[in-house]
Structures are given as structure tokens and as C-alpha cells.
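Visitor: If you scroll down you'll find the structure; I have some questions about it.
Okay, here's the thing in C-alpha cells:
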């Protein structure tokens, strides 16, 4: 579904403009109760309890990174353990917006990886089109491709396969969902990439989101639609990644699953097959609960819209 600039259907606004918003809150009685974390985050026999003990206020510690420089435009995220999912009370973080899809929260281990600092831009994607490796996306309405004054804006109106092919052309790949979440929140279980402050706390807008039903309310963060990548770089993630909350939602590699139940705790991946892929980060159309670091969404593989883009990742030591 494509939206014309200056016109956002009321239904899209009321539903937080996400195909997945039906799981983002709870039933009519309020958010789902948060299960105890003790089973998910208790140290295994023989392990270092200081590295995984939120009950004592500890934050998972990461092993020292091997000295391998990140490629241009990317940062290296060290391997190790972090909290994945919504955990109200972990490390004294309060989050009462846990959706069923964000549970069960647990500590997982991921290998070190590289990830783009910024969302892929129109200018970068244009290079792939000109090289014959990418298909030109739709242009018009809210779509940025073909607009010469928007080369530093995120490419949008791309399908999951469009995103995959660009990353392949660039010698990269789409990030796995667990990688994306670690890059966005680090190891302390924070609600947002910049920390636990609300997006507008103290009168400072830290992200491009979409609360309210009028243009005046949408533009309190200065942007009615998407912003140039890195505009909110003062509020980047712990590893220096920009726009991991709001602006455009981002395709990741994994197929969608309704929850994390049954997934491994080491380099977790989504289901082996499906017809919907995960998107993360929320967008300029969505409310603050949808731009939390643990919030999850999905779209069908051939879906494209003005509020969906992507960034790429790469394996360490395999480039």
C-alpha cells in the first residue's frame, strides 16, 4: 500500500501504521503480564554469574573484541550476551508495554558482526540500480527514489528481496533479528537506543515518530515524514548506529514468529520458512511503544511502503 505525501489514512494512524500492531499491546484489559526472568537469565553451572545476573543489577559482560577494523560506514558490534525481548524490571528498567511477540525475554549470545551506521540511502541504492544489480523501486508519493533532493534520505518502498539484493551487491547481508536488537540496545536492556528516557522527555525529540492525528503533532520532531539519515545522531545506539528508533522501519533477515518461544539462546534465528519477514525499529508513522528496542513487526515479503527501508550487516572475518 502506497501513501501520497500530505495524505495519511486515518486507519493507518490509528493502527500505528503497522501490519503487526495487533500484537503490540495487549488485550483490552492492558498489557500482558511479564513472566519472571529468573529461569531465562540465571547463570548456568560453572559460568560467570557476574556476566548474566540481572537480579543483582549486573549487565552481561562482553569478551574483548578482536582487533579487526570495521568497513567504511559500519561499526563492529562485539560478540557476547545481551537481553533480547521485553523485560519489565530487568536491570531496573521499567517497561509496561511488553507485547506477546517480544516474549519470553531471555539472555542470548551472538557472534561479533558488523552493521551499517545508517539506514541505506537513496544515493547508495541508486548506485546498485545503475550497476544493474538492483531493481528501481516505485517512485512517487512518499517514495524517495528518483528524487534528486533526497539522496541522503533512506531508501524506502523496497521489498524484502530488494533489500537482500542490495546488501548482496554491497558485499553484505541483511542483519539477523538478534543482531539488529543488540546493535540497537547494547547489553543493559534499555527501552530505546539512547537509553530509557521517553522520546520527548525534557522537551527534546530524540527520534522521528508519528504520534497524533494532525500534521502539527506529527511535526513536533521537525519531520512530517522521514528525515535524512543521521539527523538524530545525538541519540544513537550504544554502538553508534543512527535511526534505530523511528524514521523508517527496517527489514531484517528472519521470518516472522509470533514469539521467541522455543528459539535457541545462541545466535537465534527465526523460523526456517514463512511468508512474512520481520521489521524492526518502527517508523515516522508509529507511536512510541512501536519504536522501543524490543518492539517487533512484520510485513509480507513483497510488501513495500514509504515507511519501510533497511540497513545491512556483515560477518566478522569473512569479508
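Residue numbers (our numbering): 1 to 319. We put the CB at the ideal spot given by N, CA and C, even for glycine. Computed from a predicted structure; not experimentally measured.
Are there three or more Cβ pairs, one per stretch, closer than 8 Å when the segment 217-224 is compared with the segment 167-179?
Guide: Contact fails: fewer than three Cβ-Cβ distances are below 8 Å.
Visitor: Between residue 184 and residue 244, which are expected to be in contact by the criterion C-beta below 8 Å, what is the C-beta distance as a whole number of angstroms?
Guide: Yes, they are in contact, since the Cβ atoms of residue 184 and residue 244 sit about 4 Å apart, within 8 Å.
Visitor: Using DSSP with H/G/I as helix, E/B as strand and the rest coil, what is residue 140?
Guide: Strand.
Visitor: In chain order, what are the residue ranges of uninterrupted beta strand (DSSP E) at least 3 long that sit wholly in the segment 197-263?
Guide: If we require 3 residues or more, the beta strand (DSSP E) runs fully inside the segment 197-263 come out as 249-255.
Visitor: How far does the beta strand (DSSP E) with residue 106 in it reach, from first residue to last?
Guide: 106-110 is the span of the beta strand (DSSP E), which, as asked, contains residue 106.
Visitor: Throw me the rounded Cβ distance for the residue 311 and residue 120 pair, which I believe falls under 8 Å.
Guide: The pair is a contact, with the Cβ atoms about 6 Å apart (cut-off 8 Å).
Visitor: For residue 110, is the classification buried or exposed, using 16 other Cβ atoms within 10 angstroms of its Cβ as the cut-off for buried?
Guide: Buried, since its Cβ has 16 or more Cβ neighbours within 10 Å.
Visitor: To the nearest whole angstrom, what separates the beta carbons of residue 250 and residue 229, a pair I think is in contact under 8 Å?
Guide: Rounded, the Cβ-Cβ distance is 12 Å, inconsistent with contact.
Visitor: Out of curiosity, what's the CA-to-CA distance linking residue 233 and residue 259?
Guide: Roughly 31 Å separates the two Cα atoms.
Visitor: Of the choices 191, 135 and 144, whose alpha-carbon is the least far from that of residue 165?
Guide: Residue 165 has its Cα closest to that of 135, out of 191, 135 and 144.
Visitor: For the ligand ZN, is there a heavy atom less than 8 Å away from the beta-carbon of residue 220?
Guide: The model depicted lacks the ligand ZN and carries no ligand whatsoever.
Visitor: From the DSSP output, which residues share a beta bridge with residue 192?
Guide: DSSP lists 195 as partners of residue 192.
Visitor: Using 8 Å for Cβ pairs, my map puts residue 242 next to residue 118. What's the rounded Cβ distance?
Guide: That belief holds up - the Cβ atoms of residue 242 and residue 118 are roughly 5 Å apart, short of 8 Å.
Visitor: May I have the straight-line CA-CA distance separating residue 106 from residue 200, to the nearest angstrom?
Guide: Looking at the two C-alpha atoms, the distance is approximately 29 Å.
Visitor: Following the continuous beta strand (DSSP E) through residue 81, name the residue where it begins and the one where it ends.
Guide: Residue 81 -> beta strand (DSSP E) spans 80-84.
Visitor: Would you check if the distance between the CB atom of residue 174 and the CB atom of residue 299 is smaller than 9 Å?
Guide: Contact flag unset, no.
Visitor: Just verifying my parser: in three-state terms, what is the DSSP assignment at residue 60?
Guide: Bear in mind that a pLDDT of 41 at residue 60, under 50, signals an unreliable position, so the model cannot answer this.
Visitor: Apply the 10 Å Cβ neighbour rule to residue 304 and answer buried if 16 or more other Cβ atoms are within range, or exposed otherwise.
Guide: That one is buried.
Visitor: In terms of alpha-carbon separation, which member of 159, 77 and 156 lies closest to residue 116?
Guide: Looking at the Cα atoms, 77 is the closest of the given residues.
Visitor: Contact check, residue 292 vs residue 206 under 8 Å by CB: the rounded distance?
Guide: Wrong, their Cβ atoms sit about 12 Å apart, outside the cutoff.
Visitor: CB residue 286 to CB residue 246, shorter than 9 Å?
Guide: Yes, they are a contact pair.
Visitor: Hey, how far is the Cα of residue 126 from the Cα of residue 157?
Guide: Roughly 13 Å separates the two Cα atoms.
Visitor: Assign residue 83 to one of two classes, buried (16 or more other C-beta atoms within 10 Å of its C-beta) or exposed (fewer than that).
Guide: Residue 83 should be labelled buried.
Visitor: Just the Cα atoms here: how many angstroms apart are residue 313 and residue 114?
Guide: Each residue's Cα considered, the two are about 5 Å apart.
Visitor: Give me, in chain order, the residues of the same chain whose beta-carbon lies closer than 7 Å to that of residue 196; leave out the 5 immediate sequence neighbours on both sides.
Guide: Contacts found: 93 and 190.
Visitor: To the nearest angstrom, how far is it from the Cα of residue 145 to the Cα of residue 182?
Guide: Their Cα atoms are separated by approximately 30 Å.
Visitor: By the 10 Å Cβ neighbour count, where 16 or more other Cβ atoms means buried, how is residue 172 classified, buried or exposed?
Guide: Burial call: buried.
Visitor: Note the first and the last residue of the continuous beta strand (DSSP E) segment covering residue 113.
Guide: Per DSSP, residue 113 belongs to the beta strand (DSSP E) from 113-116.
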